[in-house]
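Residue numbers (numbering that gives the first Met the number 0), protein chains in the order written: chain U, 0 to 207; chain A, 0 to 597.
Each residue gets a CB set at the ideal place from its N, CA and C atoms; glycine is no exception.
Note that the coordinates shown come from a computational prediction; the quantities given were computed from them, not determined experimentally.
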Amino acid sequence: MTLATENPAPRAAAAVLQLKSMNILIVGVGGQGVLLASAILSEVALLAGYDVKKSEVHGMSQRGGVVSSHVRLGTVVHSPVIPNGAADVILAFEKAEALRWVHELKAGGFLIVNDQKLVPPIAVDPKYVYPDDALELLQGRAERLRVLNAAAIARKLGNERLANTVLLGALSTGLDIDLDLWRQVISRRVPKGTAEANLKAFEAGRNQ
Amino acid sequence: MNQRLLLSGDEAIAHGAKAAGVRFAAAYPGTPSTEIMETFARFPGSHAQWSPNEKVAFEVGIGASLAGARTLVCMKHVGVNVAADPLMTFAYTGVKGGFVLVSADDPEMHSSQNEQDNRTWAKFAKIPMLEPSDSQECYDFTGLALDLSEQFDAPVLLRITTRIAHSLTPVEVREWTEVPVTGFTPDIPKYVMMPNWARPRHQAVLQRLEALRQYSETTPLNRIEWGDRQVGIVTSGISYQHAREALPGASIFKLGFSYPLPLEKLREFASQVERVIVVEELEPFIEEALKAHGIACEGKKYFPVYGELNPTLAARGLVQAGVRSEPVAETPAPVEVLPRPPVLCAGCGHRSIFYALRRMGAHVFGDIGCYTLSALPPLETVHACICMGASIGMAVGVSQTQGSKRPVFAVIGDSTFLHSGITGVLDAVYNQANVTIIILDNHITAMTGGQAHPATGMTLQGKPTKSVDFVALAKVLGADHVETIDPYDFNATWETLKASVARPGVNVLVTTRPCMLFPRKVKQEPYIIVAGDCNGCGVCLKIGCPAIARSGEVTDKNLAIPVIDTAACTGCRLCADICPQDCIILKSQPGRESEVKA
Ligand SMILES: Cc1ncc(C[n+]2csc(CCOP(=O)(O)OP(=O)(O)O)c2C)c(N)n1
Chain U
0 MTLATENPAP RAAAAVLQLK SMNILIVGVG GQGVLLASAI LSEVALLAGY
50 DVKKSEVHGM SQRGGVVSSH VRLGTVVHSP VIPNGAADVI LAFEKAEALR
100 WVHELKAGGF LIVNDQKLVP PIAVDPKYVY PDDALELLQG RAERLRVLNA
150 AAIARKLGNE RLANTVLLGA LSTGLDIDLD LWRQVISRRV PKGTAEANLK
200 AFEAGRNQ
Chain A
0 MNQRLLLSGD EAIAHGAKAA GVRFAAAYPG TPSTEIMETF ARFPGSHAQW
50 SPNEKVAFEV GIGASLAGAR TLVCMKHVGV NVAADPLMTF AYTGVKGGFV
100 LVSADDPEMH SSQNEQDNRT WAKFAKIPML EPSDSQECYD FTGLALDLSE
150 QFDAPVLLRI TTRIAHSLTP VEVREWTEVP VTGFTPDIPK YVMMPNWARP
200 RHQAVLQRLE ALRQYSETTP LNRIEWGDRQ VGIVTSGISY QHAREALPGA
250 SIFKLGFSYP LPLEKLREFA SQVERVIVVE ELEPFIEEAL KAHGIACEGK
300 KYFPVYGELN PTLAARGLVQ AGVRSEPVAE TPAPVEVLPR PPVLCAGCGH
350 RSIFYALRRM GAHVFGDIGC YTLSALPPLE TVHACICMGA SIGMAVGVSQ
400 TQGSKRPVFA VIGDSTFLHS GITGVLDAVY NQANVTIIIL DNHITAMTGG
450 QAHPATGMTL QGKPTKSVDF VALAKVLGAD HVETIDPYDF NATWETLKAS
500 VARPGVNVLV TTRPCMLFPR KVKQEPYIIV AGDCNGCGVC LKIGCPAIAR
550 SGEVTDKNLA IPVIDTAACT GCRLCADICP QDCIILKSQP GRESEVKA
């Protein structure tokens with residue numbers, strides 16, 4: 000969880016620059032990699048000179064529960080928690096989770112949805128129905144909506160495990176941060192020998 | 000050289016402790032405090048350890064402090080209840096090496112059984128309390144707390160909450176300093192709390208409290224951020240951040256040193272603003288103190304005494320108080336989406352025990368750990384759960400009063416048993432109860448993320464050490480019958496449980512399968528369902544295994560045919576053992592694979 004920056008200057012830079020405040024909510028299911036994605040985003044933002052706060056509740060993340068991570072950027076950030084309905088960007092790793100959290104999106108916000116379906120075990124009880132029509136229900140709920148199938152894109156690149164980096168690529172299109180910083184942090188954070196493949200996945204997520 | 004890191008509050012406390020020369024650290028795991036010790040353990044040159052419970056962690060901490068070492072002891076809020084006995088009297092003796100107790104509270108009960116506000120402990124024990132508002136303050140306040148502890152001869156409470164512990168914010172970290180261990184020097188009247196010596200120590204505590212009050216009045220930890228004087232906000236900890244955001248222009252009295260309160264400085268502040276509003280999470284700790292000292296203020300009128308505060312609730316309360324003009328934006332109603340509660344992992348050895356107990360119609364007194372999830376559908380077989388260790392006492396109480404016509408069981412995890420289950424067995428044995436106690440030994444403290452304990456054979460650092468033998472332990476405690484059970488063998492498990500119900504006395508059963516996640520993921524050959532043989536009885540869907548789902552296919556009678564996700568299945572065999580049709584088989588079992596539907 001420890002993220003290091005080599006450059007101690009950003010705080011000073013931020014004081015002059017007046018950076019735009021952004022609230023990013025990343026949601027998904029325990030085990031999907033939500034917390035790593037928000038850690039990478041936070042590190043990129045810190046390098047870009049932002050004040051950053053990242054907050055999440057993860058006690059149950061390894062038991063298949065709901066995971067949500069708040070990342071807030073700005074010149075100065077106070078509360079680590081995004082106020083209700085104030086997310087500028089929501090990145091949902093799973094489509095039912097997108098539906099669960101979409102009311103937190105600001106008017107004019109950007110919603111990125113991974114077209115993946117993870118049915119919770121509770122659905123063996125017919126009382127609980129998985130929303131197969133999640134993507135349709137999301138139409139009109141966000142001013143900007145982008146749906147992508149990260150796993151399919153990653154598979155085309157030859158490795159399904161690149162899916163999360165594809166999603167980071169999609170997320171990067173919602174933020175005005177130097178792409179080199181993204182590339183730098185991703186290269187440092189991914190398993191040895193996979194940097195090149197991950198950078199390709201990042202590009203694919205930006206472009207598709 | 001200073002470095003800027005993005006750290007959680009927990010990590011920042013560990014870094015701050017190391018930088019301030021902490022030589023000894025002890026804890027029992029508990030969300031949201033666990034990562035403090037896990038981080039501290041990675042630093043060379045200091046002793047770090049898990050203790051069997053918080054009381055022992057606190058007591059070894061006292062020893063280290065009396066030996067003159069700077070000491071850190073960490074626990075979740077309810078852990079302080081367990082450590083309360085030594086805490087209340089260590090407050091009398093005072094310290095030698097600086098002693099910091101971290102209490103990580105959990106407003107909203109994200110991972111806890113209650114949401115008590117541990118600021119109350121500072122007042123109860125008459126010890127100073129610091130409340131950081133972000134990771135930088137976690138870092139800085141830890142060092143300061145150690146200084147204050149030595150300066151005032153008192154243990155210091157560093158109180159954080161989940162949103163401080165688990166939020167990452169930037170931290171400027173400094174170089175480590177070495178603080179030598181000064182050694183133990185006997186001082187009987189100070190350290191032996193017999194009545195004759197405890198009485199003068201209580202007087203010393205009262206004098207110390209007065210000195211701390213003076214300190215509180217002048218420390219920069221209690222600072223005023225002047226703004227608009229129509230309203231003055233008094234706040235501390237995470238609430239400061241929410242209030243700062245919800246009312247940017249207001250004058251704010253930020254309490255970093257929040258017990259004892261700087262009452263004169265607060266009175267002065269109150270006289271300079273038109274209205275005082277206290278913004279605090281959970282109990283009206285500050286508000287009541289101000290009112291008791293005649294400082295007019297408002298608080299809980301506008302903010303809940305339960306749950307977590309957040310910027311939205313802070314803003315709403317301030318609108319209601321009439322001091323924030325900008326209304327709080329209404330958000331659209333959330334879409335109803337099916338819940339996604341956490342579940343026992345595929346292959347978890349706890350599952351078959353609860354499935355058997357359910358089938359038996361037992362009354363099950365449960366404890367705290369992953370297995371508490373068995374209270375949820377579809378197993379619904381934990382009938383009471385209060386605090387760590389309570390399972391055994393409750394089951395004994397029920398059996399002694401013959402208050403249940405059903406078989407009565409206590410079910411307790413291995414870490415929890417070592418934490419506070421042993422004395423429960425002694426009670427059962429000594430008072431000759433008829434009860435069966437199942438120790439769910441998955442060889443790890445799983446719920447909190449896989450920490451070692453005295454029966455894992457591993458230290459906090461992962462080094463080999465001695466390991467408790469549960470069977471031998473239960474025998475020497477005097478249990479009448481002790482036996483191990485392999486929860487992967489359902490039929491044998493069923494027979495053993497049934498036999499123990501019929502057997503009077505104290506039965507202790509110990510399970511043998513490791514956790515699926517910690518210390519390493521377990522994956523064995525998966526099972527599959529031979530769809531052609533399945534009659535759709537649905538038994539395998541009732542064990543709550545996340546690897547089994549409806550396939551979408553149905554039988555002739557329109558009953559759902561389940562399917563096993565072979566990537567998720569770890570091969571525990573429970574579903575195969577209970578399938579009345581015998582249509583669940585190992586994936587490699589010859590001859591039948593072709594009949595399997597995907
Ligand atoms: C007094 C106290 N300390 C710590 C905790 C946090 N906690 C909850 S469950 C648990 C231990 C669970 O381990 P175990 O009993 O081995 O069961 P498992 O989760 O491995 O099934 C801990 C430490 C708590 N709830 N109360």
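Taking 7 Å as the line, does the beta carbon of A/Asn441 fall inside it for any heavy atom of ligand 1?
Within the cutoff, so yes.
With 8 Å set as the bound, which would you pick, yes or no: does the beta-carbon of A/Thr371 sit closer than that to a beta-carbon of chain U?
Not one chain U Cβ lies under 8 Å of A/Thr371.
Report the start-end ranges of each alpha helix (DSSP H) in the stretch 274-320 of chain A that is 4 residues or longer and not cut off at the edges.
284-291, 310-319, all fully within the stretch 274-320 of chain A.
Quick one: what's got a C-beta closer than 8 Å to A/Asn195's C-beta in the same chain, skipping five residues either side?
Result list for A/Asn195: empty, nothing under 8 Å.
How about A/Asp426 and A/Val395: do their beta carbons lie closer than 8 Å?
Yes. Within cutoff.
Ends of the alpha helix (DSSP H) at A/Ser32?
Counting along the chain, A/Ser32 falls outside any alpha helix (DSSP H), and DSSP gives it neither H nor E.
Ends of the alpha helix (DSSP H) at A/Pro188?
187-190 is the span of the alpha helix (DSSP H), which, as asked, contains A/Pro188.
Who are the near neighbours of A/Gly96 in its chain, counting only those whose CB is closer than 6 Å to its CB and skipping five residues on each side?
The residues are Ser64, Gly67, Ala68, Arg69, Thr70.
A/Cys574 lies in the alpha helix (DSSP H); which residues open and close that run?
Element bounds for A/Cys574: 573-577.
Within 7 Å: the Cβ of A/Ile421 and any heavy atom of ligand 1?
Checking every heavy atom of ligand 1 against the Cβ of A/Ile421, none is found closer than 7 Å.
Cβ-heavy atom distance between A/Pro185 and ligand 1 below 7 Å?
No, ligand 1 has no heavy atom inside 7 Å of this Cβ.
With DSSP collapsed to three states, give me the class of A/Cys369.
Of the three classes helix, strand and coil, the one that applies to A/Cys369 here is helix, per DSSP.
Cβ of A/Ile438 within 7 Å of any heavy atom in ligand 1?
Not so, every heavy atom of ligand 1 lies at least 7 Å from the Cβ.
Just mark A/Ala491 as buried or exposed, buried being the case when its beta carbon has 16 or more other beta carbons within 10 Å.
Result: exposed.
Report all residues from its chain with a CB closer than 6 Å to the CB of A/Gly368; omit the five preceding and five following residues, and keep chain order.
Only Gly412, Thr415, Met446 meet the Cβ criterion.
So, does the CB of A/Glu209 fall closer than 8 Å to a CB anywhere in chain U?
It does not; no Cβ of chain U falls within 8 Å.
Would you kindly check if the distance between the Cβ of A/Ala575 and the Cβ of A/Ala546 is under 8 Å?
No, Cβ-Cβ distance for A/Ala546 and A/Ala575 is not below 8 Å.
Quick one: what does DSSP say A/Gly461 is sitting in, helix, strand or coil?
A/Gly461: coil per DSSP, three-state reduction.
What in chain A is Cβ-close to U/Glu55, meaning under 7 Å?
Result: His165.
Specify the secondary structure class of U/Gly108 as computed by DSSP and reduced to three states.
It is a strand residue.
Apply the 10 Å Cβ neighbour rule to A/Met36 and answer buried if 16 or more other Cβ atoms are within range, or exposed otherwise.
Label assigned to A/Met36: buried.
Taking a cut of 7 Å between CB atoms, which residues from the stretch 467-493 of chain A lie near chain U?
So the list is empty, because no residue satisfies the distance condition.
What do you reckon, are the CB atoms on U/Ile176 and U/Ala44 nearer than 8 Å?
Going by C-beta atoms, U/Ile176 is nearer than 8 Å to U/Ala44.
So A/Thr444 packs on A/Gln450, CB below 8 Å; how close in whole Å?
Contact flag correct, Cβ pair sits at about 4 Å.
Give, in chain order, every unbroken run of the alpha helix (DSSP H) that is at least 4 residues long and sits entirely within the stretch 406-451 of chain A.
Runs found: 413-419, 421-429.
Closest Cβ-Cβ distance between U/Arg187 and chain A: below 8 Å?
Answer no: the Cβ-Cβ gap between U/Arg187 and chain A never drops below 8 Å.
Can you list, in chain order, the residues of its chain with a C-beta nearer than 6 Å to that of U/Thr1? Leave out the 5 residues immediately preceding and following it.
No answer about U/Thr1 holds up, because its pLDDT of 41 lies below 50 and its placement is not dependable.
Give the straight-line distance between the Cα atoms of A/Ile276 and A/Pro283, rounded to the nearest whole angstrom.
Approximately 12 Å between the Cα atoms of the pair.
Quick one: give me the first and last residue of the alpha helix (DSSP H) that A/Phe140 is part of.
Start and end: 134-151.
At least one CB of chain A closer than 8 Å to the CB of U/Val28: is that the case?
U/Val28 counts as touching chain A.
Starting from U/Gly27 and walking both ways along the beta strand (DSSP E), at which residues does that stretch end?
Start and end: 21-28.
Given A/Glu58, which residues of its chain have a CB within under 7 Å of its CB, disregarding the five upstream and five downstream residues?
Excluding positions up to five away in sequence, the list reads Pro85.
Looking only at C-alpha atoms, which of A/Ala24, A/Arg243, A/Ala291, A/Asn309 sits nearest to U/Asn83?
Selected option, being the one with the closest Cα: A/Asn309.
Evaluate U/Ala13 with the Cβ neighbour count: other Cβ atoms within 10 Å of its Cβ, from every protein chain shown; 16 or more gives buried, anything less gives exposed.
At U/Ala13 the pLDDT is 43, less than 50, meaning the model places this residue with poor confidence and gives no usable figure here.
Can you give me the Cβ contacts of U/Val189 inside the same chain, cut-off strictly under 8 Å, excluding the 5 residues immediately before and after it?
Excluding positions up to five away in sequence, the list reads Thr164, Asn197.
I need the DSSP call for U/Ile69, collapsed to helix, strand or coil.
Going by the sequence as given, residue 69 of chain U is His instead of Ile. Three-state DSSP puts U/His69 in a strand.
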